[in-house]
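Taking it in order: structure first as structure tokens, then the write-up.
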Amino acid sequence: MRIGVTYDLRADYLARGMTEEETAEFDAEITIASICRALSGLGHQPVRIGNVSALTAHLAESDRWDAVFNICEGLNGYAREAQVPCLLDAYGIPYFFSDALTLAVSLDKGWTKRILRDAGVPTAPFAVIERAADLDLVDLPLPLFVKPVAEGSGKGINAHSRANNRSELKERVLEVMDRFRQPALVETYLPGREFTVGIIGTGDIARVLGVMEIITTDKAAGADYGFENKENCDQNVQYRLVDDAQAVAAGDVALNAWRVLRCRDGGRIDVRNDSAGRPHFIEVNPLAGLNPEHSDLCYLAGFKGHSYQQLIGMIVDSFLRRNPALQYSTAFAA
Ligand SMILES: Nc1ncnc2c1ncn2[C@@H]1O[C@H](COP(=O)(O)OP(=O)(O)OP(=O)(O)O)[C@@H](O)[C@H]1O
Ligand SMILES: [Mg+2]
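Under the working numbering, think of the first position of the sequence shown as 1313, with each following residue one higher.
Structural data, given as structure tokens:
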């Protein structure tokens, strides 16, 4: 297949004057190069496209691809991850990973939790605070965890994210709302083990690739897996492949959530245990990082004995199962 690759290159946005944290979700050159190398190694023809603006220009010039491998995080608005998929849907070009609806909904952690709660997937009790006055209505027991409702890569999460009393809660919520110009998600603090679950596939044939426990070290900035700990994961975090009963239970919760949210091809779901050791969905990453040196899904695949190319190969296989006509044309061309 001739596969276009859409991405947001972090260096481009840093060069425009954005900060390290503002660009945390965007991708490094090594990620794009590694994806292209893996696709070539699998017998495909990768073609670099770039971000949503580059895609728009290519589409206007009538450039077309058999499929697009999309890892664009987008820049503006709550539906930023859905912009490239919307364009590709409009032009009838099939693409890897989740569709526009899933990407738009899952960026909003509150909406996502409402859908999962309704479907019976365990997730911590929560409130979404849109204005300071909403705080008076929050009657959840302390401690609570406060984070921006629609960010990733640990943005806005640090050693102070846990609020132990009402005044800390107010301070944290106002800070998040002011700094990120968006509502704050307040949820029951989950004190137990943390897992990130790698998933491959779509719908009924989706499966757990592996469950990795996240353990913060004594060098870590707080006990959570926030921005600073993610950026300094070599020193601050230990990763361990686990398959004990709690890990299996976390995998079940994640797989259930993946199916309910109609996620496709591959990604990660974060799960954390409550004080009784029961797993709760925290958030979904339908566009999980694919940096071979730095991303949880790649660590996980490595622990399971899969090379980077094999990981991309599993994602390609999932995409082709959803697009059998392309599978045929690929086999025929070969
Ligand atoms: N309710 C909670 N209780 C305890 N810790 C939490 C809770 N919610 C989040 N955390 C901690 O904060 C970390 C980051 O939260 P979350 O996964 O929602 O953020 P993110 O920025 O979207 O992460 P990612 O980089 O995976 O996209 C979690 O991995 C966990 O360590
Ligand atoms: Mg997370």
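Every residue gets a Cβ at the ideal spot worked out from N, C-alpha and C, and that includes glycine.
For ASP1420, the closest of GLU1442, LEU1400, ARG1576 by C-alpha to C-alpha distance is GLU1442.
In the DSSP assignment, ILE1441 forms a beta bridge with ALA1496.
The closest heavy atom of ligand 1 lies 7 Å or more from the beta carbon of ILE1383. In chain order, GLY1538, PHE1539, LYS1542 place their CB closer than 6 Å to the CB of GLY1466, counting only its own chain and leaving out the 5 sequence neighbours on each side. Looking from the CA of THR1508, the closest CA among ARG1426, PRO1434, THR1500, ASP1608 belongs to ASP1608. Bridge partners of ILE1512 according to DSSP: ARG1519, GLY1578. Taking C-beta atoms under 8 Å as the contact rule, ILE1517 and ASP1577 fail to qualify, at a distance of about 11 Å. One alpha carbon belongs to THR1529, the other to GLY1504, and they sit about 15 Å apart. The C-beta separation of ARG1493 from GLY1468 comes to about 11 Å, leaving the pair out of contact by the 8 Å criterion.
CYS1398 is not a Cβ neighbour of ALA1379, given a cutoff of 8 Å. Annotation for VAL1596: the continuous beta strand (DSSP E) segment containing it runs 1591-1597. Counting along the chain, VAL1572 sits inside the alpha helix (DSSP H) bounded by residues 1557-1572. PHE1408 carries a coil assignment under DSSP once its states are collapsed to helix, strand and coil. When DSSP states are grouped into helix, strand and coil, MET1489 belongs to the helix group.
In this model, ASN1544 and SER1374 are separated by some 43 Å (Cα to Cα). PRO1437 places its beta carbon less than 8 Å from that of THR1500. In this structure, GLY1538 has its CB closer than 7 Å to one or more heavy atoms of ligand 1. In this structure, the CA atom of GLU1605 is about 8 Å from the CA atom of TYR1611. In this structure the region 1316-1324 lies against the region 1333-1343, because at least three pairs of beta carbons, one per stretch, are closer than 8 Å. For GLU1525, the secondary structure class from DSSP, reduced to helix, strand or coil, is strand. Taking C-beta atoms under 8 Å as the contact rule, ASN1585 and GLN1558 qualify, at a distance of about 7 Å. Under the DSSP assignment, ARG1505 falls outside any alpha helix (DSSP H); it carries neither an H nor an E label.
In terms of CA proximity to PRO1455, LYS1482 leads the group LYS1482, VAL1433, GLY1464, PRO1434. The alpha-carbon of LEU1449 is positioned some 35 Å away from that of GLN1395. Here the alpha carbons of CYS1384 and ASN1363 stand approximately 6 Å from one another. The beta carbon of GLN1621 sits closer than 7 Å to the beta carbons of ALA1350, GLY1353, LEU1354 from its chain, once the five residues preceding and following it are set aside; these are given in chain order. In the DSSP annotation of this structure, the continuous segment of the alpha helix (DSSP H) that includes PRO1397 starts and ends at 1395-1402. TYR1403 and TYR1390 have their C-alpha atoms some 22 Å from each other. Judged by DSSP in its simplified three-state form, ASN1541 adopts helix.
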